[in-house]
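Comments concern the structure below.
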Amino acid sequence: MNEIDVRALREKMAIEQKCQKYPHTKIQVGAILYKVDVCEWDDGSTNINLVEWEVRSIRRKRGTQTPMGKRRIGSQFGDSAPLYVNVTAKIKNRTWIKQPASIGGYGWTKSISKHCQDQFEVGKRLPIGMFTTQRAALKWALRDNEIALSRYKKCRDIETDESEIIEWDEEIIHKSKTIRLLKSRIKKLGS
Numbered sequence: 006m007n008e009i010d011v012r013a014l015r016e017k018m019a020i021e022q023k024c025q026k027y028p029h030t031k032i033q034v035g036a037i038l039y040k041v042d043v044c045e046w047d048d049g050s051t052n053i054n055l056v057e058w059e060v061r062s063i064r065r066k067r068g069t070q071t072p073m074g075k076r077r078i079g080s081q082f083g084d085s086a087p088l089y090v091n092v093t094a095k096i097k098n099r100t101w102i103k104q105p106a107s108i109g110g111y112g113w114t115k116s117i118s119k120h121c122q123d124q125f126e127v128g129k130r131l132p133i134g135m136f137t138t139q140r141a142a143l144k145w146a147l148r149d150n151e152i153a154l155s156r157y158k159k160c161r162d163i164e165t166d167e168s169e170i171i172e173w174d175e176e177i178i179h180k181s182k183t184i185r186l187l188k189s190r191i192k193k194l195g196s
């Protein structure tokens, strides 16, 4: 599979997942994007976190320039290497911590793990589940969980083993609760 096919496949997946386009004219350092993190625990509780992702930098990937500063020209870079937006999840006490008063209250930690960082090309679609507004992120999470619930119901209907049916019923109850919580959160955000 060549590079063009991979790009086309990624674009098709992004359209199917209803990923938002982010115009290059609006991208700036310090902009906030939102992503919903849903945690369903074994004890039946569910946490819905609306995570802020801040644009930390907009730059070309490493290795796209020679040591002398001249741009590489080639099929993989085109005339010039594309710009990438680097975003980081703003999670209190994990990536966003209390700093000494001399620095100014709160700030980013010195080392941030890879799963709290993401990157996308300028002018392309945002990563799956990431949106410019809280409402859009919650609506996407609701749609995604509704699709998962319908898939769970289909699997439960196919299953014949009694123990498996009980497990699917538990999963369906968890997903139904998550959907209820997401709907109430969207309603609360709208008012």
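So for the sequence shown, this note's numbering puts the first residue at 6; every next one is plus one. Quick reminder that beta carbons are idealized off the backbone N, C-alpha and C, glycines included.
Would you check if the distance between the CB atom of residue i and the CB atom of residue j is smaller than 8 Å?
| i | j | result |
| --- | --- | --- |
| residue 180 | residue 147 | no |
| residue 55 | residue 139 | yes |
| residue 190 | residue 32 | no |
| residue 112 | residue 96 | no |
| residue 173 | residue 161 | yes |
| residue 149 | residue 58 | no |
| residue 40 | residue 142 | yes |
| residue 178 | residue 158 | no |
Quick one: what's residue i bridged to in DSSP?
| i | result |
| --- | --- |
| residue 42 | 54 |
| residue 103 | 111 |
| residue 122 | 93 |
Using the Cα positions of residue i and residue j, report the straight-line distance between them to the nearest angstrom.
| i | j | result |
| --- | --- | --- |
| residue 130 | residue 89 | 12 Å |
| residue 188 | residue 107 | 43 Å |
| residue 120 | residue 193 | 29 Å |
| residue 137 | residue 144 | 12 Å |
| residue 185 | residue 46 | 16 Å |
| residue 44 | residue 51 | 6 Å |
| residue 165 | residue 171 | 11 Å |
| residue 99 | residue 163 | 42 Å |
| residue 42 | residue 151 | 15 Å |
| residue 62 | residue 27 | 15 Å |
| residue 82 | residue 126 | Confidence at residue 82 is low in this model, with a pLDDT of 49, below 50, so its placement is unreliable and the value that follows should be read with caution. One C-alpha to the other measures close to 13 Å. |
In the DSSP assignment, find the unbroken beta strand (DSSP E) run with residue i in it and report its ends.
| i | result |
| --- | --- |
| residue 91 | 88–95 |
| residue 25 | Careful: residue 25 lies outside any beta strand (DSSP E) and carries neither H nor E. |
For the alpha helix (DSSP H) containing residue i, list its first residue and its last residue.
| i | result |
| --- | --- |
| residue 47 | Looking at the DSSP string, residue 47 is not in any alpha helix (DSSP H), and its letter there is neither H nor E. |
Task: Cβ pair count under 8 Å reaching 3, the segment 87–102 against the segment 115–134 - done: yes
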